[in-house]
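**Q** Got a structure for you, written out below as structure tokens; questions coming shortly.
Residue numbers (the numbering used here), protein chains in the order written: chain A, 47 to 502; chain B, 47 to 502; chain C, 47 to 502; chain D, 47 to 502.
Here it is in structure tokens:
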């Protein structure tokens, strides 16, 4: 399946999804192994890809009473699950089956039918720097003289993967740990490609491993997504390189548990113009992620991506009297009894008519990797679509999947899950030449007008 | 302020909001008195109309980086709070001050500065039928030979109110009790105006008091809104009459506490294609409303409007494998210790990747009338705008405010709060000739195209 | 192990727990099968009897600094788990393995090692009356001309069980459904044995099946416990018969989920003399129990046992100003997505200093049969102990395990979990001639006194 | 009212509560001002001392069916509320009315009738050391050459207070801030009075201000209680001095919000032998207390007293298989929107039969000072009683009121609220020569024995 689309007078073609697609995942932990096991189980009819828009969602086309709702995967040309091939890197010298067992997300019995497939995916040695992830370590690490050499080793891994598997296209998505927080703006080594490449050669201590992978991917012409709050590709040097290389990129930090809930509820509060006095968010989680986030440096990265979402939804700049002064606190607590399950508790203090106080409390008993796996799947399939559609650079229409969506510097980011959803869907409609939908709908009721081109 | 707008080739004019606007409220209880007290306090600078879009919201115009965000009330011509005059009916022989004291929503001390204004609003004798509201009664009732006579008495009340107050326009909004559930579809007396008027003259036991008010309002050329799950104007006879008389109408059942939350969270679950296994909603509330809903007949009305929202958001018809079989139960419990405060507890059982179970629990400590008052204010001001803009019949763009939005019979209703919000805002944009917004936004990133007419 | 004890001048002997003990359970559903599976798993070292005092608890003896804490099962002579033999009745024609599978409490894989043992326990045909349990039915029912004949059939079942298994002693514990509510006081057929036996012969519609079992057990000299809120043995005719026959009995209604929590928290509120304004309890559960309780008649039985606990703890008669007027509402909702898991949500409105309002909310995600199984185990083992110790009639010291403890008519029942716990433990101490413990402890600090006989 | 009591053969006399009682409170903040305002309001019949055992509780005497339940304050001779006179110290140069306004616990309107009384209580200059309370400061501080001089200044304050008010007795209770954590065991300066007095003279940096007050009180023969987790009197030098001086002391850290709840629920889990896997406690609070606890040093003090309660209730030493390995984490978060209200959220992971996991979640919306005020009142009245009854040193029977009860070094502390409650009540019974109560109750059912001396 392929197609052409017209956008503002130009006609573009979406190349078909022919051949196999390589999914390259730095970090073979709970998220990656849950994704892989799930894909294999779904292929065998032993599970359902719940939570994945590319696999299960329909998309409304045309007017409300036309009743056109094809599946997204039948509407735009996406790689088929049958055609996915996985590769991964990790500091642990294990395979995807071992990683899945350790993660404990899917029960051992349920893994049995896909054990073979999982055991076949062995973690390649990782680029790792304990300064960026202080609470973990492992034996399966690359050796290199400097970070540029590390990047080249990764590129060589990719090349070998391509040859061995015969994939026609690849996508890379960072599924590794949260790295220690680092300010990018103003840091000149990130400003342009020359500086960055020089810094790589000099093994600058400001370059996190995730950026090495991002550089390697984009350099190899491979779309890259960043599932952690790390810098990775979120620096001018790499966003520019992506545009110039015709590579779509996306990030950052998968929007899964509490922040997902926050970007659902905050738009509701805002829609009703209820005031916000305070929002306290506590998280307990017990997996490797929780352990990493017990390090204040890594927590800081997370805190930054988690904190900014409210402002961008509530717009205190426009509503200082309602949102100018709310107190927002986010805590993440390592709590081993939870295992891979995680739990968010939010207390939200709101104000209504005459400033009367009210409270919302949300307790979300969720599962980290269960929520993340379909997100990774959608991101890689959509990035592959974007590449075939000729899109390049930041894919803001994938904001839907990220806690802290990458965006053009002069544009405010969109964190409202529902605006993100519409952005994604209207982008798909545009790619296929269907009219966008804006829900206005007045035309249905003003009967004296003709009803031919409305999109509401 | 007034203006003209162009819509599909036609140019329309919005008449300016000149003179005073009469707000006629059947039911002088907690909601009405909280609205009135609030409006008076706001006028004196002693309170803020938090929760009201007409008073506090801005609206984005143009592209994201144009930064045009006028206040809605400066963008479209709305009646000013200074110009509102209130009238009301109730079975209790009291005034708005007494009603407010009894309701206990606003503290006595805070009511003091507006006591005079509130005492001036005396409840007119109500049209009442104990068969429709079984748990309440009061002395202040109209006497009439049949329901047509009752409607004429209401019309005479309206006429007298107009004369005494000198208002130039009126809007009526039902703020009374929930009536016993009644099926409308298929009931021939509601099919056309002749049948309905005959039934009114014959005092058919199937006609609830709220319908008498609706008939009187529409007959008087006054926009009517229905804040309860009652039939009121939701029958073909009256929606047709509204269109023919050029009267905008809206309903039904104010979306305030738990259902508001439901239409915030359900779209989030749906957006992420998470499965739904069950949704259990319990409500505890202690005011007159709770007492009325202790009657199974009235509860049934509420149950129906509360239950349908999930289906219309989740669309089990399109997603039978995710939403075809969820268990939904809504309970409302009279719990006097809560007073006017109410509390919702929702337990939501969802499914993620490979059908792994997760749970969301929401505890909403809210206040019924505090959430309802700004909703009433917005509805009446927007209905008045609609009338001046020449809109008539069902105003689906006001779905935002209702648990069970009225809609054209052949269209699915929209319950998703965020689609409703966009519908409302894009309608305002259309009324003022501004481009609609659809959040697609691809143009910002595809730099080779011109950026002149995007609305994303 | 056996022993003698002295109590108020008398010396008694506890007979040893020799031979096998038959556990006879009317109702082979989730609770019974979970108990049986658990006992078998524990015997094989494949599980732990968590929640069982008889298996895991220690008991403090002597003064605090003596550090004597033997296991209860080493302190008093109890039947060993190895010596338990199970029998059961049910309207379903299944065995304990099938019942366990259907219940879904223990995963299939985990049942595998004890499948043989479970399959060997086949449900005998039950005494059943659809008038008492309206939402269930099944094929495996006894046929009889009248209820006395039904009782005789049960006694014959018991006799055959004794012969076939060679047990030396038996205990019966009702683990069947909640029956429709019925008032006992004042009903003359329950007053004395003659009336009751006449009514049995006449198949009086006021006699529930649980009472037929209770009669059969006591007549057979077998201790009987009642795990549901049914009448069963809670009528003068049977309590008197129990005393005269030297049979200990106990009941009623296992204290497991929400009521357990209530009898933990209410004593805390009471201890601190905080006022209570309201307590709203909602329960969602999805197993056969939930289905039965969807019938208002059965719910009424449950409601009665659940409601009275607060009064007996808080004593509004003594504290009218704090507890004289609280609002208490208990709801049980059938919610199939929960399966055997159940969930309680309690909202508690309390008052502090100067009557300032505060709230406690408790969300208990529990599992019905998981909490009930060790309770059944303890009850049957302690009843067997009681019998061997010569105790007879109501065993109030087992109140600890019941929502609505049976008690002498002229004594207030004790529902406070902590007083119940102390009652149970001090009873065991008395049976073994150890001093009772009262926590006074003043003697440790008043050094001029001798410290020989304190028990604090 | 006075009396004599017999205890282990000795007969003691409780002196009557004649004359006025001075209540001396270091720290004139939310707790102190709420206590004072409350006492004044209660005296005028404008409020009720809810939460206070001394004012509202009854005590059961004799056997259950004797129905003897006098009020505690009519059973033992306590100072009357009419006879209380307050004094206080604070670093803020304000009076109790100003403190109460600032605290915002009681509404301004409600304070009006007792404004005069409150304004009359002016904070004396405080002994303060910013090294111990880092997040607060104020102008109203004593000047002194060394800490011994500071103690003497306090003693002179007490002397002057006695003279000016004419009180016959005094009690002091620390209601000030939480000080930075400090280890006492092993620190030789706290070992005996000589070392301590030398250290006071040398202004040792290890002596917190609270200890200066404690020393001054005990030296003045005044009972002292410690409402914070500070060291204060909890060192051998001062406990010994208290015994030698015949002064009763108690502490430490008022048991109010989350820990109160913890010592209610943990005994329930323990009673049922349910396993514990983890207990996560989060607290949000917004008053001065929250601000102080934002300092890690002060938080550490709190963390220590909060953490130990579980172990002493669950006894992992006796139950390693159930409680040997649970994960316990306590967080306190400064969250200004809450004001003096505070909110605890507890997640408790428990295990039942066959180790099946279950969860309890408790959300406590409470008010710090509302819970603390009656606790302070009871403590001071009971300490005064203790003094008149000739008790001295640590009053373990007041453990009921403390997060971290002081106790004899060789005894395990009792944290179980219900054992504490019984300890308190049985102590009162002993003081009055009534039999202690142990809830055994077997005698009611074993009718062949005489019923003369049971206490169950």
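Beta carbons are placed, not taken as given, at the ideal position from N, Cα and C, and that holds for glycine.
Indicate whether at least one CB of chain D lies closer than 9 Å to the CB of residue 433 of chain A.
**A** By 1-based counting over the first chain, the position of residue 433 of chain A is 387. Contacts with chain D at 9 Å (Cβ-Cβ) do not include residue 433 of chain A.
**Q** Please look up how many angstroms separate the CB atoms of residue 104 of chain C and residue 457 of chain D, rounded, as I've assumed it's under 8 Å.
**A** As a working note, residue 104 of chain C is residue 58 in the third chain. As a working note, residue 457 of chain D is residue 411 in the fourth chain. About 18 Å; that fails the 8 Å criterion.
**Q** Mapping the DSSP letters down to three states, classify residue 140 of chain A as helix, strand or coil.
**A** Here residue 140 of chain A refers to the residue found at position 94 of the first chain. Correct three-state label for residue 140 of chain A: coil.
**Q** Have a look at B:449, B:434 and B:353 and flag the residue whose alpha-carbon is nearest the alpha-carbon of residue 122 of chain B.
**A** For this step, residue 122 of chain B is matched to residue 76 along the second chain. Looking at the Cα atoms, B:434 is the closest of the given residues.
**Q** How big is the Cα-Cα spacing for residue 267 of chain A and residue 75 of chain A?
**A** Counting from one through the first chain, the residue named residue 267 of chain A turns up at place 221. Counting from one through the first chain, the residue named residue 75 of chain A turns up at place 29. One C-alpha to the other measures close to 25 Å.
**Q** Expressed to the nearest angstrom, what Euclidean distance is found between the alpha-carbon atoms of residue 167 of chain B and residue 177 of chain B?
**A** Along the second chain, one-based indexing puts residue 167 of chain B at 121. Along the second chain, one-based indexing puts residue 177 of chain B at 131. Their Cα atoms are separated by approximately 28 Å.
**Q** So residue 254 of chain A packs on residue 225 of chain A, CB below 8 Å; how close in whole Å?
**A** One-based indexing of the first chain puts residue 254 of chain A at position 208. One-based indexing of the first chain puts residue 225 of chain A at position 179. Sure, about 5 Å apart at Cβ, within 8 Å.
**Q** Could you tell me the boundaries of the beta strand (DSSP E) in which residue 297 of chain A lies?
**A** Working through the first chain from its first residue, we reach residue 297 of chain A at position 251. Segment 294-297, the beta strand (DSSP E) holding residue 297 of chain A.
**Q** If we ignore side chains and look at the alpha-carbon of each, how far apart do residue 48 of chain B and residue 217 of chain B end up?
**A** Here residue 48 of chain B is taken as the residue at index 2 of the second chain, counted from 1. Here residue 217 of chain B is taken as the residue at index 171 of the second chain, counted from 1. For residue 48 of chain B, the pLDDT reaches just 47, beneath the cut-off of 50, and the residue's location in the model is therefore unreliable, although a value from the coordinates is still provided. Cα to Cα, residue 48 of chain B sits roughly 19 Å from residue 217 of chain B.
**Q** Which residues in the same chain as residue 124 of chain A place their Cβ atom closer than 7 Å to its Cβ, once the five residues preceding and following it in sequence are excluded?
**A** As a first step, residue 124 of chain A must be located in the first chain, where it is residue number 78. Within the same chain, residue 124 of chain A has close Cβ partners 63, 100, 427 and 431.
**Q** With a 10 Å radius around its C-beta and 16 neighbouring C-beta atoms as the bar for buried, classify residue 468 of chain B as buried or exposed.
**A** The sequence position of residue 468 of chain B within the second chain is 422, counting from 1. By the neighbour-count rule (16 or more Cβ atoms within 10 Å), residue 468 of chain B is buried.
**Q** Between residue 144 of chain B and residue 170 of chain B, what straight-line distance do the alpha-carbon atoms span, to the nearest angstrom?
**A** Mapped onto the second chain, residue 144 of chain B falls at position 98. Mapped onto the second chain, residue 170 of chain B falls at position 124. Looking at the two C-alpha atoms, the distance is approximately 14 Å.
**Q** To the nearest angstrom, how far is it from the Cα of residue 149 of chain D to the Cα of residue 445 of chain B?
**A** Stepping through the fourth chain from its first residue, residue 149 of chain D is reached at position 103. Stepping through the second chain from its first residue, residue 445 of chain B is reached at position 399. Each residue's Cα considered, the two are about 44 Å apart.
**Q** In chain order, which continuous runs of the beta strand (DSSP E) of length 3 or greater are located wholly inside the region 385-421 of chain A?
**A** 387-397 and 403-413
**Q** So what's residue 253 of chain D in DSSP terms, helix, strand or just coil?
**A** Your numbering for residue 253 of chain D matches position 207 in the fourth chain. Coil, per DSSP.
**Q** Comparing C-alpha positions only, which one of A:339, A:394 and A:355 sits nearest to residue 380 of chain A?
**A** Locating residue 380 of chain A in the first chain gives position 334, counting from the first residue. Ranking the options by Cα distance to residue 380 of chain A, first place goes to A:339.
**Q** Step through the CB atoms of chain D and report whether any lies within less than 9 Å of the CB of residue 256 of chain A.
**A** Start at 1 with the first residue of the first chain, and residue 256 of chain A comes out as number 210. Residue-level contact check: residue 256 of chain A does not touch chain D, since none of the beta carbons of chain D fall below 9 Å from its beta carbon.
**Q** Using DSSP with H/G/I as helix, E/B as strand and the rest coil, what is residue 218 of chain D?
**A** Sequence index remark: in the fourth chain, residue 218 of chain D carries index 172 (1-based). The answer is strand: DSSP assigns residue 218 of chain D an E or B state.
**Q** Within a Cβ cutoff of 8 Å, which residues of the same chain sit near residue 405 of chain D, ignoring the five residues on either side of it in sequence?
**A** As a working mapping, residue 405 of chain D is identified with position 359 in the fourth chain. Hits under 8 Å: 393, 394, 395 and 396.
**Q** What would DSSP say about residue 274 of chain B, mapped onto helix, strand or coil?
**A** Counting from one through the second chain, the residue named residue 274 of chain B turns up at place 228. Annotated three-state conformation of residue 274 of chain B is coil, per DSSP.
**Q** For a contact meaning CB atoms closer than 8 Å, what does residue 90 of chain C contact in chain B?
**A** For the purposes of this step, residue 90 of chain C is taken as residue 44 along the third chain, with counting starting at 1. Going along chain B, no residue has its Cβ under 8 Å from residue 90 of chain C, so there is no contact; the nearest lies around 30 Å.
**Q** Could you run through the region 373-384 of chain C and flag, in chain order, every residue whose CB is less than 7 Å away from some CB of chain B?
**A** When C-beta distances to chain B are compared with 7 Å, the residues of the region 373-384 of chain C below that value are 373, 375, 377, 379, 381, 382 and 383, in chain order.
**Q** In the region 387-421 of chain A, which residues sit with their C-beta less than 9 Å from some C-beta in chain D, listed in chain order?
**A** 389, 391, 393, 395, 403, 405, 407, 409 and 411
**Q** I'd like to confirm the pairing. Which residues does DSSP put opposite residue 111 of chain C in its beta bridges?
**A** Mapped onto the third chain, residue 111 of chain C falls at position 65. The partner list for residue 111 of chain C (beta bridge, DSSP) is empty, contrary to what the question assumes.
**Q** Under 8 Å: do the region 307-315 of chain A and the region 287-298 of chain A share three or more Cβ pairs, one atom per stretch?
**A** no
**Q** Quick one: is residue 206 of chain B buried, meaning 16 or more other Cβ sit within 10 Å of its Cβ, or exposed?
**A** Taking the first residue of the second chain as position 1, residue 206 of chain B is located at position 160. By the neighbour-count rule (16 or more Cβ atoms within 10 Å), residue 206 of chain B is not buried but exposed.
**Q** Is there a Cβ of chain D sitting closer than 9 Å to that of residue 152 of chain A, yes or no?
**A** Along the first chain, read from residue 1 onward, the residue named residue 152 of chain A stands at position 106. Not an interface residue.
**Q** For residue 76 of chain B, decide whether its Cβ has a neighbour in chain F, counting only Cβ atoms nearer than 9 Å.
**A** The chain inventory of the structure shown lacks chain F, comprising the protein chains A, B, C and D.
**Q** Do residue 300 of chain C and residue 77 of chain C have their beta-carbon atoms positioned less than 9 Å apart in this structure?
**A** On the third chain, position 31 is the one that residue 77 of chain C refers to. On the third chain, position 254 is the one that residue 300 of chain C refers to. Taking 9 Å as the Cβ cut-off, residue 77 of chain C and residue 300 of chain C qualify as a contacting pair.
**Q** Which ranges would you report for the alpha helix (DSSP H) in the region 289-356 of chain D if only whole runs of at least 4 residues count?
**A** 304-317 and 334-339
**Q** If we call anything under 9 Å between Cβ atoms a contact, is residue 165 of chain B one with residue 186 of chain B?
**A** For this step, residue 165 of chain B is matched to residue 119 along the second chain. For this step, residue 186 of chain B is matched to residue 140 along the second chain. Going by C-beta atoms, residue 165 of chain B is not nearer than 9 Å to residue 186 of chain B.
**Q** Is it buried or exposed for residue 475 of chain C, if we count other Cβ within 10 angstroms and need 16 for buried?
**A** Looking up residue 475 of chain C in the third chain gives position 429. Burial check for residue 475 of chain C: the Cβ neighbour count within 10 Å reaches 16 or more, so the residue is buried.
**Q** For the pair the region 347-358 of chain D and the region 410-426 of chain D, tell me if three or more CB-CB distances fall below 8 Å.
**A** no
**Q** What number of angstroms, rounded off, separates the C-alpha of residue 496 of chain D from the C-alpha of residue 407 of chain C?
**A** Taking the first residue of the fourth chain as 1, we reach residue 496 of chain D at position 450. Taking the first residue of the third chain as 1, we reach residue 407 of chain C at position 361. Legend: pLDDT at residue 496 of chain D = 40, less than 50; position of this residue unreliable, no value from coordinates given.
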